[in-house]
Amino acid sequence: MVKHLLARLLSFPEVAGIVLTLNIPEKIDIEENTRLSIVRNTRPKGFGENHNAAFAQSRTAFFCVLNPDIELPQNPFPALMQCLSAHPRAVAAPRIIDPQGKPEDSARRFPTPGSILRKILFADPGLSHVKANGGPQESDWLAGMFLLFPGEVFTALDGFDESYFLYYEDVDLCARAWFSGYPALWVPAACAVHEARRASRRKLRHFLWHAASMLRYFARWHLNGRLQRLQALRDAPKRDGNR
Numbered sequence: 035m036v037k038h039l040l041a042r043l044l045s046f047p048e049v050a051g052i053v054l055t056l057n058i059p060e061k062i063d064i065e066e067n068t069r070l071s072i073v074r075n076t077r078p079k080g081f082g083e084n085h086n087a088a089f090a091q092s093r094t095a096f097f098c099v100l101n102p103d104i105e106l107p108q109n110p111f112p113a114l115m116q117c118l119s120a121h122p123r124a125v126a127a128p129r130i131i132d133p134q135g136k137p138e139d140s141a142r143r144f145p146t147p148g149s150i151l152r153k154i155l156f157a158d159p160g161l162s163h164v165k166a167n168g169g170p171q172e173s174d175w176l177a178g179m180f181l182l183f184p185g186e187v188f189t190a191l192d193g194f195d196e197s198y199f200l201y202y203e204d205v206d207l208c209a210r211a212w213f214s215g216y217p218a219l220w221v222p223a224a225c226a227v228h229e230a231r232r233a234s235r236r237k238l239r240h241f242l243w244h245a246a247s248m249l250r251y252f253a254r255w256h257l258n259g260r261l262q263r264l265q266a267l268r269d270a271p272k273r274d275g276n277r
């Protein structure tokens, strides 16, 4: 899976460098390439910590966060980079579909206790605010399986919050991006394939990580009213434009 993804990435002219992180000791047969750096962790690290470390090694104008289980039937970077050329102070992500072509919930509203309850009880996917046949569209948050940042934006945000070991670090980062004036843009013209594993529904350890991260997020963004202040900041330009 990783070898296939690396081969696809290296075939794209927009990809100037790749940092591959092996989070646990493992043998992997990969051909050497001047654009490829391999980091072998001596201990498992969290999602955010790994990507922050990769960014520290990055020397490119853009920084892409990419899961190893992503498939790229087509090159998504021209459309994403065109979006960021028009909106240089933003974070962008492609449309994500599953192997059968159905949309994944990769662009969503910020979670609330009510939305979490609806998701548990009614399997509400929360995708109603984006349209697959339009141009770049604002989304509250974009899933961390595939994100593209201008390097200056990732630096300004100070990367991922490493206190989230796994889950919700992408929600938190997008909330901080919006709070700092960097919109999160979903780009349906770019597409990638991902088969969601939903490990938190099957493995106790992942469920506990998910629950801990969710509680941390709600404590930081709901209990102190930060999410309400963020919404007010986002609504202000709309109100001003209607005067």
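Its first residue numbered 35, the sequence shown is counted upward by one per residue in the numbering used here. Glycine included, every Cβ here is placed at the ideal spot set by N, Cα and C.
Item	Value
In terms of residue numbering, what span does the alpha helix (DSSP H) encompassing P112 cover?	111–120
Taking the C-alpha atoms as reference points, what is the distance between A127 and S173?	10 Å
Nearest CA to the CA of I64: which residue from E138, F46, A41, V164?	A41
Report yes or no: do three or more beta-carbon pairs, one from the stretch 205–220 and one from the stretch 113–133, lie closer than 8 Å?	yes
Over what stretch of residues does the alpha helix (DSSP H) that includes F252 continue unbroken?	238–255
If I follow the unbroken alpha helix (DSSP H) through L39, where does it start and stop?	36–44
With C-beta atoms as the reference, is E203 less than 9 Å away from G178?	yes
How big is the Cα-Cα spacing for G80 and I52?	19 Å
Roughly how far, in whole angstroms, is the beta-carbon of P107 from the beta-carbon of V227, given that I think they are within contact range, below 8 Å?	6 Å
With a cut-off of 8 Å on the beta carbons, I'd call L17 and W243 a contact; round off their distance for me.	What the structure shows of the chain is the stretch from 35 to 277, and residue 17 is not part of that stretch, so it cannot be assessed.
Which word fits H85, buried or exposed, when buried means at least 16 other C-beta atoms lie within 10 angstroms of its C-beta?	buried
Closest by CA to M35, which one among N67, A87, C225, P102?	P102
Could you check what DSSP says for L151 in three-state terms: helix, strand or coil?	helix
Three-state secondary structure (DSSP) at Q171?	strand
Could you check where the alpha helix (DSSP H) with L207 kicks off and where it finishes?	203–213
Which partner residues of E279 appear in the DSSP bridge assignment?	Outside the shown range of the chain (35 to 277) lies residue 279, about which nothing can therefore be said.
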